[in-house]
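In short: position in the sequence shown from 1, add 98, done, that's our numbering. Here a beta-carbon is modelled for each residue, glycine too, at the ideal position from N, C-alpha and C. On a predicted model such as this, the values are computed, not experimentally measured, just so you know.
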Amino acid sequence: ETALEEAIKLPGISVSEIGQLKLDLGDIYILTAQPWEAFLVYEQVSKQFEGQAMGNEARYRSAKLSFYQGNFEYSNGQCLVLKAATSQLIANDALNLGLLITDNTQTPNDSSALKMYADAEMLLFRNLPEKSIKKLDSISITYPNNSLADAILMTKAKIFIKADDNQKAADILKKITEDFKDGIWTDDALFTLADLYEKKLNDIAQAKIYFQKLITDYPGSMFSAEARKRFRNLRGDGV
99 ETALEEAIKL
109 PGISVSEIGQ
119 LKLDLGDIYI
129 LTAQPWEAFL
139 VYEQVSKQFE
149 GQAMGNEARY
159 RSAKLSFYQG
169 NFEYSNGQCL
179 VLKAATSQLI
189 ANDALNLGLL
199 ITDNTQTPND
209 SSALKMYADA
219 EMLLFRNLPE
229 KSIKKLDSIS
239 ITYPNNSLAD
249 AILMTKAKIF
259 IKADDNQKAA
269 DILKKITEDF
279 KDGIWTDDAL
289 FTLADLYEKK
299 LNDIAQAKIY
309 FQKLITDYPG
319 SMFSAEARKR
329 FRNLRGDGV
């Protein structure tokens with residue numbers, strides 16, 4: 099943290115390097131339980147690089163931080179701005195986060211369940227996967243009729259991928275694609291599943307099935323162009 103704070107003041111460092119260092123510093127502030135400091139540096143970068151990739155990245159991190167803290171209204175407002183971002187990945191992440199908030203703040207119970215989910219996501223960001231899973235599992239016990247089932251599964255899949263428990267992750271992702279065909283995370287799950295089969299589980303036949311399913315069933319997905327490219331490559335078209 100101190101090293102980054104000092105690095106920002108070094109002479110001869112470029113404006114964009116300072117921006118990147120500030121983003122890294124913001125992340126460290128979250129890890130060291132200084133969310134307000136993190137929020138301030140993200141906001142600085144967001145304003146300084148307004149409309150540019152780095153500014154959008156800062157705005158998204160600020161939206162995520164607000165989400166972790168249960169400030170859903172502010173977070174959703176940031177997501178609405180980011181849906182027009184030029185980076186497809188940021189726009190997609192912002193769209194998903196915005197939908198997650200909108201879909202799960204319809205009633206006080208929904209909002210309380212979402213707050214628990216946000217806590218679990220924060221624990222994951224802080225590299226505490228076991229605590230995150232415990233928190234995720236407690237959501238349906240505390241709020242039996244919550245509408246977060248697919249989001250909870252997606253977060254669990256991410257945790258298992260990070261832990262290199264790829265078969266367990268694949269089983270969860272399959273459940274999302276089968277049980278939540280109209281969910282926010284289904285196209286993400288299909289792409290992640292195909293990617294796992296291709297790169298980690300070495301099952302090209304399965305990878306092709308899931309890439310094809312994504313292309314056919316979710317043509318509007320931001321993953322579909324990449325899925326098409328990967329599918330053709332696996333098929334041997336080379337196009």
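**Report entry** Whole-angstrom C-beta distance between Gln146 and Ser164, which should lie under 8 Å
**Finding:** 19 Å between Cβ atoms; not a contact.
Query raised in the report: Under a Cβ-count criterion, where at least 16 other Cβ atoms within 10 Å of its own Cβ denotes burial, should Trp283 be classed as buried or exposed?
Result: buried
Query raised in the report: Three or more beta-carbon pairs under 8 Å between the segment 180 to 193 and the segment 217 to 234, yes or no?
Result: no
Requested in this report: Express the C-alpha separation of Tyr140 and Arg159 in angstroms, rounding to a whole number.
Outcome: 7 Å
Query raised in the report: Who are the near neighbours of Ser144 in its chain, counting only those whose CB is closer than 7 Å to its CB and skipping five residues on each side?
Result: Gly153, Ala156, Arg157 and Ser160
Query - Reduced DSSP category for Ser322 - H, G, I as helix; E, B as strand; rest coil - result: helix
Query - Inter-residue Cα distance where the pair is Ala255 and Glu171 - result: 27 Å
Requested in this report: Would you identify the three-state DSSP class for Phe258, choosing helix, strand or coil?
Outcome: helix
Query raised in the report: Exposed or buried, what is Ile274 when buried is set at 16 or more other beta-carbons lying within 10 Å of its beta-carbon?
Result: buried
Query raised in the report: Expressed to the nearest angstrom, what Euclidean distance is found between the alpha-carbon atoms of Leu264 and Asp208?
Result: For the sequence presented, residue 264 should be read as Asn rather than Leu. Approximately 31 Å between the Cα atoms of the pair.
Query raised in the report: Any idea what DSSP makes of Arg224, helix, strand or coil?
Result: coil
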